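If you count the sequence shown from 1, position 778 lands on 1088 in this note's numbering, and the numbers rise without skipping. Every residue, glycine too, gets a C-beta built ideally from N, C-alpha and C. Here the structure is a predicted model, which means the values were calculated and not measured.
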Amino acid sequence: MGKKLAKVGESRGTILVFVFCLLAFALVQRLFQLQIVKGESYLTDFTMKIKKERTIKSTRGEIYDRNGYPLAYNKLAYSVTFEDNGSYSRQRDKNLALNSSMYGILRVIEDNGNSILMDFGIRLNKNDEYEFTREGVNLLRFKADIYGEAYVEDLDDEQKNATPDKMMEDMCGEKMYGILNPDYTDEELIEAKLPRQSEMSKETILKLAIMRSKVAANSYQKYMSTTLAKDINERTMSIIMENKDVYEGVDVVEDSLRIYNDSLYFAPLIGYTGQISLEEMEALNKDNEIYKYTDIVGKSGLEKSFESQLQGIDGSETMYVDNMGKVLMKDSKVAPQAGNDIYITIDRELQIAAYKILEQYIAGIVYANMIDEKQFNTEWTNSSDDIRIAVYDAYYALFENNVLDAKHLASDDATQNEKNVYQAFLSKQKAVFREIREQLTTANPRPYKDYDEVMEDEQWQAYMSYIVNDFLTQSTGILDADKIDKNDETYKAWTTDESISMQEYLDYAISAGWLDVSGLDVDSEYMDITETNNALADFIEEQLSEDDTFSRKIYKYMIMEGSLSGADVCLLLYDQGVLEQDDESYNQLSSGGISAYDFIRSKILNLEITPGQLALEPCSGSVVITDPDNGDVLACVTYPGYDNNRLANDMDSDYYNKLNTDLSSPFYNKATQEQTAPGSTFKLVSATAGYQEGVIGLYDYVNCEGKFDLIPENPPINCWIYSPSAPSTHGPLAMSDAIKESCNYYFNTVGYLLGKTDNEEEKYSDAKGMERLSKYAAMYGFDAKSGIEIDEIAPRMATADTTRSAMGQSNQAYTTSQIARYVTTLANSGTCYDLTLLQKVTDSSGKTLDEPEPVVHNRLELPTELWDTIHRGMRDVVNNSSAIKEMNKEYGDFDMAGKTGTAQQREDKANHALFISYAPCNNPEIAMAIRITNGYTSRNAALVAKDIMKYRFNLEEENDIITGSATIVAEDNTVQD
């Protein structure tokens, strides 16, 4: 029985062995099939399961002038992009991998003469220190982006208050990009082909942080590429393409650069493009979500206004790729749709000519009014007509407006003259800090007002005011403005009476808890007031020694006291390449063969130094030219301009900051955003109101008595022809002659009569007068923006003082564009159009999609005899002007109508110069408004109009009009309107 059982067991064991052998054979055969026979096929099938969707960028529409000349267009270029497609188990591994790729890509790009995109919120200054390139809400937005917050409000206090150094520390730390993670081993760094952290410069660290932040911005979506560099050369492209397997995720793609022609003349009008912000993306995606974080959008000007037309629609492509990113198969494709092209109403040649003519005259005004004095004392003047420009203001302006680079004086490649100037500066700086320390620590500090009244040296007041108000309060915040009690007697003694010293005020501020010295790196708990003041003096000296604004103040007073001569300053213009090298002029200036005064005036005369660079008054102006038949804007000039090519594509942050701090305010469109009173140009509104309301007839005479004093409770108003020292009058004038003579008394009287009724006994009502006058101002378009399609300040109609309002003063203020709509209405006798810059919209193939009709804002139905009177008066303004009467006498049948206007600002400032005009008189082809800010007299604006008319109607040779040098104007600035 036992033997039988044993045999059965053996039999079963044999069966089991056989079965196992059979299964093993089947498994081996299957593995052979999977790995050997069909291995490649299965591997291909597996890798093809990685599906990817790639965006195909659309092309932005282009901008052309009315004649089809390209003003903004796209240039084909190649860009380096990067996609983070990796999978990482730890942040450490991710940082090593990405930093390895970024460093390698950076080396390839820079070693071959290209550069990465540097548009970032932090930069290295010339002292090799990190600093912000943005401020205000833009800085907070940058911080939110870096710290991964969707909204600025989500930032915590530490993040909001983070310094540039703190942000760089955070970005380079292990929790973010790990660029300076001290835990990396030498083996890890060698494997990643990264240098030791001690071997990396701050510049390289910043560039890696920039690249990593750009990649991180797209980390929310896999396979979203980030642009690291634009417009690369063929060598860079070749090496990148050869090393795609080394730097996994890198690629070179076709891209486009936005190029602006004639940028100096068009930049404020055209604007520029830049990467979309979160706020912009949310606003633009409100109706249709087509924008992504990587998109480029219009930031200002027409680029911004017509964003919806210019922006194309991106396409997409679905494909399968292997784990190295190699495309294995394309599945589907949606072609991109190019943006529409915009044709604007601007005549390019007229725009450029008007800009150049305007600049020539502004330079001529500066030249004519510059005097060889250290400073101009307004006590020397009887009126704003007598204001002059001291040449020492021009010397200092070269520093103040950053024409000269003060930091370069200390550089290794500085010229000997630069080094000499810098040594003089260091000596003066040392003396300044010594006096500040003395006044903070002495037992008998000097009261603030004594510097002016006793020492007769204003510079110390300037330094101390800057320290208290700008440095301690605004820059550092250790003197907390919110805590200061403005009613405190000590505060009043410092700010109003100026009877105490800076030391007394700051000591009191410390005791009152206004000034917090805990941040001075001292043990304030155990320090007495003398030790605290010494610590404060140390802090002030340490910080202000690197403060550019404070340094410029020192240079100013070096110039004023003669330790830095005007000649030395002018020589710096050659040393720093502002002026082209001219050995003869350089040697003459060095040896005293030519005075600094004559030298700087000669450079202004030749436009080698421009009014925009000096940013003195005047330094700016605007011209708006329209077609009276439809409201088309033919030229919209603002001076000075800038180069928007340096702001588009990869923004030049240094250039942006220079423009942003430029005292001539190039970002501020003088044609649409600067407002002043219209001056006497407004008198035609008053003439209309007076006649239409029945208070004055066309041939009713008003006897100008020189001084208008019919309203006893109001100060008397002098006609321009009258002055206490030389009283004069116009005598009896009817409306047409009142317009020609620009008689203030006549229009004061019209304003007065508008405030009365037929009842002679009724008392004058200013409210009634304003109501009637405002009605006609609105008819001429002064009640609303002009319609121009770029940012424009809303008009401010007068609200009180009808008699002054009627002569163009009071509290009314309008832009040049709004005054241009007004003169357009005058030129065509009553049709008030909305101004427009848009001629037509076409698709990329040239098919017209939109060609808008003129929009009428209002129609003035006035009697023919009133229009005839207004036009005759305006024509006689030109005939009566010694400066421009040639326009109606020397050019055959050509004639021109106009009206002068002088807007008074304040007595210590030169008046604003305005002029409106149209031509030819019988059938106007153009209408024009001109304003020269602080241009002294309307005669200067009229001269600009004269030359623009000569150019537009080919009355003289272009070279005789646009000479490339300043156009000299009369030194007599007497106002005659």
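Let me know the secondary structure DSSP gives residue 517 once reduced to three states. Within the sequence shown, the letter at position 207 stands for residue 517. DSSP places residue 517 in helix when its eight states are reduced to three.
Measuring straight from C-alpha to C-alpha, what distance separates residue 688 and residue 1250? To locate residue 688, count along the sequence shown from 1; it is residue 378. To locate residue 1250, count along the sequence shown from 1; it is residue 940. One C-alpha to the other measures close to 22 Å.
Please determine, among 1243, 491, 1200 and 719, the residue with the shortest C-alpha to C-alpha distance to residue 975. As a working mapping, residue 975 is identified with position 665 in the sequence shown. That would be 1243, whose Cα lies nearest to the Cα of residue 975.
What are the boundary residues of the beta strand (DSSP E) that includes residue 914? For this step, residue 914 is matched to residue 604 along the sequence shown. From DSSP, residue 914 is part of no beta strand (DSSP E) but of the alpha helix (DSSP H) over 906 to 915.
Assuming residue 934 and residue 943 form a contact by the criterion Cβ under 8 Å, report the distance between their Cβ atoms to the nearest whole angstrom. Taking the first residue of the sequence shown as position 1, residue 934 is located at position 624. Taking the first residue of the sequence shown as position 1, residue 943 is located at position 633. Confirmed, Cβ separation roughly 7 Å.
Does the beta-carbon distance from residue 994 to residue 699 come in below 9 Å? Your numbering for residue 994 matches position 684 in the sequence shown. Your numbering for residue 699 matches position 389 in the sequence shown. Cβ atoms of residue 994 and residue 699: not closer than 9 Å.
Could you compute how far the alpha carbon of residue 963 sits from the alpha carbon of residue 1166? Position 653 of the sequence shown, counted from the first residue, corresponds to residue 963. Position 856 of the sequence shown, counted from the first residue, corresponds to residue 1166. Roughly 42 Å between the two C-alpha positions.
Under the DSSP definition of a beta bridge, which residues are partnered with residue 1222? Position 912 of the sequence shown, counting from 1, holds the residue named residue 1222. 1213.
Applying the criterion that 16 or more other CB atoms from any shown protein chain within 10 Å of the CB defines a buried residue, is residue 331 buried or exposed? Taking the sequence shown and counting its residues from 1, the one referred to as residue 331 is at position 21. Exposed.
Could you tell me which whole alpha helix (DSSP H) segments of length 4 or greater appear in the segment 1034 to 1068? 1045 to 1051 and 1054 to 1064
Measure the alpha-carbon distance for residue 358 versus residue 629 and round it to whole angstroms. Here residue 358 refers to the residue found at position 48 of the sequence shown. Here residue 629 refers to the residue found at position 319 of the sequence shown. Annotation note: pLDDT 47 at residue 358 (below 50); position unreliable, coordinate value reported separately. If I take the Cα positions, the gap works out to 9 Å.
Any idea if residue 1087 is buried or exposed, counting beta-carbon neighbours within 10 angstroms, 16 or more meaning buried? Mapped onto the sequence shown, residue 1087 falls at position 777. Buried, by the Cβ-count rule.
Residue 788 beta carbon less than 9 Å from that of residue 830: Translated into the one-based positions of the sequence shown, residue 830 becomes position 520. Translated into the one-based positions of the sequence shown, residue 788 becomes position 478. Closer than 9 Å, so yes.
Where the alpha helix (DSSP H) containing residue 718 begins and where it ends: Locating residue 718 in the sequence shown gives position 408, where the first residue counts as 1. Looking at the DSSP string, residue 718 is not in any alpha helix (DSSP H), and its letter there is neither H nor E.
Ignoring anything shorter than 4 residues or poking outside the segment 800 to 881, list the alpha helix (DSSP H) runs there in chain order. If we require 4 residues or more, the alpha helix (DSSP H) runs fully inside the segment 800 to 881 come out as 812 to 821, 839 to 854 and 858 to 871.
Using the three-state DSSP reduction, which class does residue 1289 fall into: helix, strand or coil? Given a span of 311 to 1287 for the chain in the structure shown, any question on residue 1289 remains unanswerable.
Simplified DSSP assignment, three categories, for residue 1149: On the sequence shown, residue 1149 is found 839 positions in, with the first residue counted as 1. Note: residue 1149 maps to strand in three-state DSSP.
Kindly indicate which three-state DSSP category residue 468 falls into: helix, strand or coil? Translated into the one-based positions of the sequence shown, residue 468 becomes position 158. It is helical.
Return the CA-CA distance between residue 679 and residue 970, expressed in angstroms with no decimal places. Looking up residue 679 in the sequence shown gives position 369. Looking up residue 970 in the sequence shown gives position 660. C-alpha separation (whole angstroms): 28 Å.
With DSSP as the reference, label residue 629 as helix, strand or coil. One-based indexing of the sequence shown puts residue 629 at position 319. If DSSP states are grouped into helix, strand and coil, residue 629 belongs with the strands.
Would you kindly report the start and end of the unbroken beta strand (DSSP E) that includes residue 1013? Against the sequence shown, residue 1013 aligns to sequence position 703. Start and end: 1012 to 1014.
From residue 1280 to residue 1209, what does the alpha carbon distance come to, in whole angstroms? Locating residue 1280 in the sequence shown gives position 970, counting from the first residue. Locating residue 1209 in the sequence shown gives position 899, counting from the first residue. If you take the alpha carbons of residue 1280 and residue 1209, they lie about 19 Å apart.
Any idea if residue 337 is buried or exposed, counting beta-carbon neighbours within 10 angstroms, 16 or more meaning buried? Numbered from its first residue, the sequence shown carries residue 337 at position 27. Exposed, because fewer than 16 other Cβ atoms sit within 10 Å of the Cβ of residue 337.
Could you have a look at residue 978 and say whether DSSP puts it in helix, strand or coil? Here residue 978 refers to the residue found at position 668 of the sequence shown. It is coil, neither helix nor strand.
Is there contact between the segment 1019 to 1031 and the segment 1128 to 1137, where contact requires at least three CB pairs shorter than 8 Å? By the criterion of at least three beta-carbon pairs nearer than 8 Å, the segment 1019 to 1031 is not in contact with the segment 1128 to 1137.
Between the Cα of residue 518 and the Cα atoms of 990, 486 and 910, which residue gives the shortest distance? Reading the sequence shown from its first residue, position 208 is the one you call residue 518. For residue 518, the nearest C-alpha among the options comes from 486.
Run the CB neighbour count on residue 445, radius 10 Å, all protein chains shown included, and call it buried at 16 or more, exposed below. Along the sequence shown, one-based indexing puts residue 445 at 135. Label assigned to residue 445: exposed.
Take residue 712 and list the residues in its own chain whose beta-carbon comes closer than 8 Å to its own, dropping the five residues that flank it on each side. To locate residue 712, count along the sequence shown from 1; it is residue 402. If we look at residue 712 and ignore the five residues flanking it on each side, its Cβ neighbours are 968, 971 and 972.
Closer than 6 Å by C-beta to residue 921: which residues in its own chain qualify, once you throw out the five before and the five after it? Chain order, please. On the sequence shown, position 611 is the one that residue 921 refers to. Within the same chain, residue 921 has close Cβ partners 672, 673, 676 and 929.
Going by DSSP, which residues form a beta bridge with residue 623? Residue numbering aside, residue 623 sits at position 313 when the sequence shown is read from its first letter. BP columns for residue 623 point to 647.
What's the gap between the Cα of residue 668 and the Cα of residue 931? Translated into positions along the sequence shown, residue 668 becomes position 358. Translated into positions along the sequence shown, residue 931 becomes position 621. Those two C-alpha atoms are separated by around 7 Å.
DSSP state of residue 337, grouped into three classes? Residue 337 sits at position 27 when you count from the first residue of the sequence shown. Helix, per DSSP.
Could you compute how far the alpha carbon of residue 592 sits from the alpha carbon of residue 463? Your numbering for residue 592 matches position 282 in the sequence shown. Your numbering for residue 463 matches position 153 in the sequence shown. One C-alpha to the other measures close to 16 Å.
Beta-carbon within less than 8 Å of residue 427's beta-carbon, same chain only, minus the 5 sequence neighbours each way: which residues are those? The residue you call residue 427 lines up with position 117 of the sequence shown. Taken in chain order, the residues that qualify are 520, 524, 537, 538, 539, 540 and 960.
Which residue's Cα is closest to the Cα of residue 685: 1122, 1084 and 704? To locate residue 685, count along the sequence shown from 1; it is residue 375. The shortest Cα separation from residue 685 among 1122, 1084 and 704 belongs to 704.
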